[in-house]
Each structure stands twice: as C-alpha cells, then as structure tokens.
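S.K.:
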Amino acid sequence: MLIRRIKDLRVDSDMKQKELAEYLNVTQSTYSDYENGNINVPIEQLIRICDFYKVSLDYLVGRTDKR
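Counting the sequence shown from 1 gives a position; my numbering is that position plus 9.
1) Heavy atom of the ligand ATP less than 8 angstroms from the Cβ of R14, yes or no?
2) Along the chain, where does the alpha helix (DSSP H) that runs through V20 open and close?
3) Helix, strand or coil for I48 per DSSP?
4) May I have the straight-line CA-CA distance separating I48 from S22, to the nearest angstrom?
5) Short of 8 angstroms in beta carbon distance, which residues of its chain neighbour V50, apart from the five on each side in sequence? Order them along the chain.
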C-alpha cells in the first residue's frame, strides 16, 4: 500500500521522480528504489513526503483512505 500511494501521489501531482528526489535531498535512483520497494523509506522521509503532499502518515501507509 505504501509504495503504491507514494507513486500515486507523485503521478497525480504531475511530478517527476527527480523533482521529489530533490525535495527529499536524495538521488533520483534512491527515490526510484523507494517507489519500486527495493529499499525501505526512512521514517524521516515518510514524514517529509506527507508534509509535501499534505496527507497523513496513516493515509500513506494504508491505515485510512482519508487524506
């Protein structure tokens, strides 16, 4: 659920991986690994993603469908 929502939020916002990677201060390759589930997203980055998209962490991890 987490991986799908991270990608869906980015795509719905018409953003490129590189743009969000820059916001998170990681490489595009690292961000791609987040979206593909190749590496775990650190909690600090999850919080930044939530802040960026103005969604709750519960939404991001699939505990609720309410953004």
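Note that CB positions come from ideal geometry on N, CA and C, so glycine has one too. None of the values given here were measured: they were computed from a predicted structure.
M.R.: On the basis of the data shown:
1) Absent from the structure shown: the ligand ATP. Ligands present: none.
2) L11 to D21
3) coil
4) 23 angstroms
5) L11, I15, Y43 and I58
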